[in-house]
Amino acid sequence: MILTLNGQPYDTAASTVAQLLEEKGIAADGTAVAVAEQVVPRSQWQDTPLTEGADVEILTAVQGG
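Numbering (our numbering), first residue to last: 103 to 167.
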């Protein structure tokens, strides 16, 4: 399916937020996810489905100085 990931079209086989993060190799620590402009709590990543055309934003904290 094709969804929008961080503003860009992205073709994925993932059907949940958790699967998408695994597919992208993104660790849960320091990561926030929003689907359709709604923040998805980490406790719900396994149960939050992705659908064709979904708008997904993945943000990761980066340490720096």
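Glycine included, C-beta positions come from ideal geometry on N, C-alpha and C.
Compute the Euclidean distance between the alpha carbons of residue i and residue j, then round it to the nearest angstrom.
{"i": "T118", "j": "Q165", "result": "28 Å"}
{"i": "P111", "j": "I104", "result": "7 Å"}
{"i": "E154", "j": "A138", "result": "12 Å"}
{"i": "S145", "j": "A120", "result": "10 Å"}
{"i": "T150", "j": "P143", "result": "10 Å"}
Could you check if residue i is buried or exposed, using at least 16 other CB atoms within 10 Å of its CB as the buried criterion?
{"i": "A156", "result": "buried"}
{"i": "V135", "result": "buried"}
{"i": "V141", "result": "exposed"}
Relative to the C-alpha of residue i, which candidate in the options has its C-alpha closest?
{"i": "A129", "options": "W147, V141, T114 and Q140", "result": "W147"}
Here's a check: name, in chain order, each residue in its chain whose Cβ is nearer than 7 Å to the Cβ of residue i, leaving out the five neighbours to either side.
{"i": "T162", "result": "I128, G132 and T133"}
Leaving aside the five residues before and after residue i along the sequence, list all residues of the same chain whose C-beta is less than 8 Å from its C-beta, in chain order.
{"i": "N108", "result": "V158, E159 and I160"}
{"i": "T106", "result": "Y112, G155, A156, D157 and V158"}
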